[in-house]
Structures are given as structure tokens and as C-alpha cells.
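The structure under discussion appears below in the form of C-alpha cells.
There are 2 protein chains.
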Amino acid sequence: MARGYHHGDLRAALVRASLELLAETGAFSVAQVARRLGVSTAAPYRHFPDREHLLSAVAATAAGEMAAEIAAAVATAGDDPVDRFAAAGAAYVRYAVRTGAGFTVIFSTELSGVRDETRTAATRALMEQWMDLITATGARPTADSLHLIEEQIALAQGYTMLYTQGFFHRSSMPLEEIAGRVAMGSRRLVAGS
Amino acid sequence: MARGYHHGDLRAALVRASLELLAETGAFSVAQVARRLGVSTAAPYRHFPDREHLLSAVAATAAGEMAAEIAAAVATAGDDPVDRFAAAGAAYVRYAVRTGAGFTVIFSTELSGVRDETRTAATRALMEQWMDLITATGARPTADSLHLIEEQIALAQGYTMLYTQGFFHRSSMPLEEIAGRVAMGSRRLVAGS
DNA sequence: GTCTATATATTGATAGAC
DNA sequence: GTCTATCAATATATAGAC
């Protein structure tokens, strides 16, 4: 990837490289993403009008991937609605830690001014899928389920942040242990509601 | 605060202004803090060797203030250990939202290279105070209490982030409602452990 | 102890060559 | 569709005047 690098699909490569950058540094800049691909800092602006629109495409991709990973985790979790709900929480933290693109990216305030139909469709699908897991546990459709999803997301995102911020000693605390904690906490939340 | 502004205690003022900046923007830069006080961008470097040491002083102050607010909230919560534990969670989210200086600032990875005795003492005192609340609930000293404090912090920090990121509609969701959710969630965590 | 001025780096973004 | 070159903004940090 030295010089004069030409891409078949730079647009998609920019999104992928953005996710890598987020995973490794937690930060995002158009210039760094371009450098990572060996293209000039001007190249991204042929595919996205500005930084926020690239970030929006990243959020859309992350929302889709996260939804897919949650669906896969839920599928192997059996039939018990609580098991499935807990598996979704664990899948969230795995994806968010691995990619650096949790809800802080997917629902970033920086994106509020960007109209992006692909992104809104992806985030809507993600939330609807999640909601279905909750109503399956027997929570009443509106009030209960909204509280429950908020609590689970808060717990999962909180663990994600504590983990990525180094609040836990990562050597003695593998990611799977965090995932297990979130699954366990999710069960308690359902039981208590 | 126009020009030629002279300070009695610029060092303390820099810390305060940093907390204001974090509260308002969620970001931090030495230059913005200096501008906010009407001093040159060079002035802070007479009081702190670099950006990270100022940030460390901010973290130390935040840890002390948060500990004081938690102590005050716990004192008015009565004698029941679970009530007191729940009050601590609510106090955390109030402080973190209001100041922008939750655990992401107090335990920021950017500070790992800064040796600052004042900060480490403040953070140690904060955590010990918090631990005392948990052991009072009857949790076993080591394993249980560590899990419980982590879960509560994750829940509280997760709600803080969802709130500040605008995931909730702030108009229909006042801070006190978030504080109440965290208190309720804390009770469930204790009950389930 | 604060100022002005400056060095250096990085960012987002644009103009114009190829 | 990508490049080189460039601009304006902002950042951290330092040197030297007052």
C-alpha cells in the first residue's frame, strides 16, 4: 500500500478504515483514514461531501453489523426469551469493544445534522430488532420495554466504556468476562422489572 | 474580564474553567481554557508543565467534588444501606452530567502517564468511600463487592453517556428522571446479587 | 507571572493538474 | 477519481520581553 494506490471501491474502503481507526484509537479524522489507505487527504472528498457524511456512513455500517452480530448471538442462545435478551447484551459489548463503534458512534450528536436515509434505516432496524427481544420476555409493549432496553444499553455501554478506558486491567479481565457480566446484569434487569 | 486580566490564583481558576468547558462542550483544550479566562495561551504553562498535568489536576478536583456530593446525598438518604447505595448512584449521574467530568475524565487513559500524588489520593478516597457503601449492604468484602461496584458504575456511566449524547430527548427526560432510573437500577443490582 | 510572538503539527476543506 | 498544493483554523508548547 505504498504510493499511487488505486482502489476499486474507495468509498467502502474509507468506511472500513474508519472503523479500524476507531477500534485502535477511539478517535476519527478524515486525514488519518486517508493516510491509512495510502491515498491523499483530498481523495475522501470525492466520495463524501464532508467529514460528517463519512462518519454517518460509518455509523450506518456499524448499525448493520451490530444488528447482524446480535441476531447471530441470539440465534445460538436457544428459545428462552431471557437467554436471548442476555445474549444480545453480550453481543453488544463484544462488537462495541472490538470495533470502537458502539452507540456513541452510531447515535453520535455530531450526526444530528446529517440527513442519511441509509443510516436512519439501519438504526431503526437495529432498534426494532432489539425491541422485539424485549417484548418477547413479556414486558408490556411500551413503558416497561422502553425502560428495560434503556437499562440494558446503559449497562452494556457503561461496561464498554470502562473497559476501553482501561478502568479494568485488561490483562486480568478478558473481553469474554465483560460480556458475561453484561449478560448476567441483563438477566437481573429482566427479573427485577 | 477583558484584557490585562490578572489573577490571584490562576492555577485554581484554570481548573475551574476546565470543568466549565467540559460541562459545556465535553471537550478540553488548554487554549480554550486560557481564552475563557482572558489570559494568553502561554499563561497556563507557568502553572502546569503540559496539557496532561492540567487535566490531572482537573481529575483530582472532580474526584474530590464527586466524593463530597456522594457523601452529602448518602447522608440524607437515611439508614438503610440499600437506600444509601442507590443514592450514591443517583449522585454520580447528577455530578457527571452537570460537570462533564465523570469517570471518563477522572480515570482517563490520557492520565496514565502522569504521576500526580494529589490525584491518586483523591481517586483512592473516592473509591474507598464507594466500597464502604457496598460492604454495608452485606456483600462479601472482595468478590461480590467488586462486581457490584463495577455494575453500578457501568449502569450510571452508561446512563450519563446516553443522556449527554442526546440518545434521550432531553426535553421529555429531565436529569432527575435519569437519576431516579440509576437509583432504581442500583436497587435491582443489590437485590440480584 | 503574564505578555507577545513564534515554531510546529494536525485538522477539514478546496482549486486545479493529470 | 486521484493527485499535488494550498488555505485557514486550531492545537501544544517554547523563547524572550516586561
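These protein sequences, in sequence, are chains A and B.
Residue 7 is where the first sequence starts when you use my numbering, and the numbers rise one by one after that.
Residue 7 is where the second sequence starts when you use my numbering, and the numbers rise one by one after that.
Yeah, the Cβ is synthetic: ideal placement off N, Cα and C, and Gly gets one too.
- Straight through space, the alpha carbons of A:Ala79 and A:Glu30 are spaced by roughly 24 Å.
- Annotated three-state conformation of B:Ala77 is helix, per DSSP.
- With its beta carbon at least 8 Å from every one in chain A, B:Met133 lies outside the interface.
- The residue among A:His13, A:Val120, A:Met137 and A:Pro55 with its C-alpha nearest the C-alpha of A:His153 is A:Met137.
- At a cut-off of 4 residues, not a single continuous stretch assigned as alpha helix (DSSP H) sits fully inside the stretch 141–166 of chain A.
- Interface flag for B:Thr47 against chain A is unset, since no Cβ pair is found closer than 8 Å.
- Taking 8 Å as the cut-off, the Cβ atoms of B:Val188 and B:Thr143 do not count as close.
- Interface criterion not met: the Cβ of B:Ala189 is under 8 Å from no Cβ in chain A.
- For B:Tyr98, the enclosing alpha helix (DSSP H) stretches over residues Pro87 to Thr105.
- Taking A:Ser24 as the centre and dropping the five residues before and after it, the same chain places the C-beta of Phe34, Val39, Leu60 and Val64 closer than 7 Å to its C-beta, in chain order.
- A:Phe113 reaches chain B at Gln171, Gly172 and Phe173, counting residues in chain order whose Cβ is nearer than 8 Å.
- Taken in chain order, the complete alpha helix (DSSP H) segments of 4 residues or longer contained in the stretch 26–67 of chain A are 36–43.
- A:Ile112 and B:Asp15 have their C-alpha atoms spaced approximately 42 Å apart.
- Proximity of B:Thr110 to chain A, defined by a Cβ-Cβ separation below 8 Å, is satisfied.
- 8 Å or more divides the Cβ of B:Gly95 from the Cβ of A:Arg194.
- Contacts with chain A at 8 Å (Cβ-Cβ) do not include B:Ile140.
- In the DSSP assignment, A:Phe109 falls within the alpha helix (DSSP H) that extends over Phe109 to Ile112.
- By the C-beta density criterion, B:Thr47 is exposed, having fewer than 16 other C-beta atoms within 10 angstroms.
- Within the same chain, and ignoring the five residues on either side of A:Ser62 in sequence, the residues whose Cβ sits closer than 7 Å to its Cβ are Leu117, Val120, Asp122 and Arg125.
- The contact set of B:Met167 on chain A, defined by CB atoms closer than 7 Å, consists of Thr110, Gln163 and Met167 in chain order.
- For the pair A:Met167 and B:Met133, the CB atoms are not nearer than the 8 Å cut-off.
- Approximately 20 Å separates the beta-carbon atoms of A:Val196 and A:Phe109; this is outside 8 Å, ruling out the contact.
- The beta carbon of A:Ile155 sits no closer than 8 Å to any beta carbon of chain B.
- Neighbours of A:Ala160 in chain B, taken as residues whose beta carbon is under 7 Å from its own, are Leu161, Gly164, Tyr165 and Leu168 in chain order.
- In this structure, A:Arg41 and A:Glu26 do not form a Cβ contact; the two beta carbons are roughly 12 Å apart against a cut-off of 8 Å.
- Taken through DSSP and simplified to helix, strand or coil, B:Val21 comes out as helix.
- Residues of chain B whose Cβ lies closer than 7 Å to the Cβ of A:Arg194 are, in chain order, Arg194, Leu195 and Gly198.
- Rounded to the nearest whole angstrom, the CA to CA distance from B:Gly172 to B:Tyr98 is 18 Å.
- For B:Ser177, no CB of chain A lies under 8 Å from its own CB, so it is not counted at the interface with that chain.
- Here A:Thr115 is exposed: its Cβ has fewer than 16 other Cβ atoms, across all protein chains shown, within 10 Å.
- For A:Ser118, the nearest CB of chain B lies under 8 Å from its own CB, placing it at the interface with that chain.
- Collapsing the DSSP output to three states places B:Ala127 in a helix.
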